[in-house]
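Trainee: Numbering (our numbering), first residue to last: -16 to 134.
All residues carry an ideal CB built from backbone N, CA and C; glycine is no exception.
Let me give you the structure first, and then I'll get to my questions.
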């Protein structure tokens, strides 16, 4: 029972993140003046938001791993994303090593790796049809909000 609760928390957090992330401005680049950045309006992109999203993704992955340790472990479903994420990790290390602005490169690499991690964890958490329907409904709702904003 505890394992299911942990998995549901992780699933709904990832679904909320998948819907809300495109609607919130983010950036890898931090401003030179923290006071000026603090005075910006809420819609101003901030690297702190990107970091918060990545922390949520890593927290959900940790909850999923904890649920596997506490309860009966379901079979790990491979999708090919794992190999792709490993290649992105290798490419990230190489690109960060040769980048001119290493801080921005590291921020971007961490973001890309966390998004791959979110996809892998979502695949593991979406076991039942009702979970897939909830994710699909949330993505469609997020798309409708974006369409209204564009109009």
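Closest to residue 100 by C-alpha separation, out of 36, 129, -9, 3, would be which residue?
Mentor: Checked all of 36, 129, -9, 3; the closest Cα to residue 100 is 36.
Trainee: With a 10 Å radius around its C-beta and 16 neighbouring C-beta atoms as the bar for buried, classify residue 112 as buried or exposed.
Mentor: Exposed.
Trainee: Check whether the segment 44 to 55 and the segment 109 to 123 are in contact - that is, three or more C-beta pairs closer than 8 Å.
Mentor: Short answer: they don't touch.
Trainee: Give every residue of the same chain whose Cβ lies closer than 8 Å to the Cβ of residue 104, excluding the five residues on either side of it in the sequence, and list them in chain order.
Mentor: Hits under 8 Å: -7, -3, 40, 43, 44, 47.
Trainee: For residue 6, is the beta carbon positioned less than 7 Å from some heavy atom of the ligand ATP?
Mentor: Within the structure as shown, the ligand ATP is missing, as the structure has no ligands at all.
Trainee: With the cut-off set at 8 Å, would you say residue 5 and residue 90 are in Cβ contact?
Mentor: Going by C-beta atoms, residue 5 is not nearer than 8 Å to residue 90.
Trainee: DSSP state of residue 115, grouped into three classes?
Mentor: Correct three-state label for residue 115: helix.
Trainee: Under the assumption that residue 60 contacts residue 106 (Cβ atoms under 8 Å), give the Cβ distance between them as a whole number of angstroms.
Mentor: Rounded, the Cβ-Cβ distance is 6 Å, consistent with contact.
Trainee: With distances taken Cα to Cα, identify the nearest neighbour of residue -13 among 94, 79, 108.
Mentor: Of 94, 79, 108, the residue nearest in Cα terms is 108.
Trainee: Who are the Cβ neighbours of residue 121 in its own chain at under 6 Å, not counting the five residues just before and after it?
Mentor: The answer, listed in chain order, is -2, 2.
Trainee: Could you check the C-alpha separation between residue 96 and residue 72 for me, to the nearest Å?
Mentor: Distance between the alpha carbons of residue 96 and residue 72: 7 Å.
Trainee: So, helix, strand or coil for residue 59, using DSSP?
Mentor: In the structure shown, residue 59 sits in coil (DSSP, three-state: anything other than H, G, I, E or B).
Trainee: If you measure between the beta carbons of residue 102 and residue 64, is that distance less than 8 Å?
Mentor: Their beta carbons are under 8 Å apart, which means residue 102 touches residue 64 by this criterion.
Trainee: Give every residue of the same chain whose Cβ lies closer than 7 Å to the Cβ of residue 127, excluding the five residues on either side of it in the sequence, and list them in chain order.
Mentor: Around residue 127: no qualifying Cβ.
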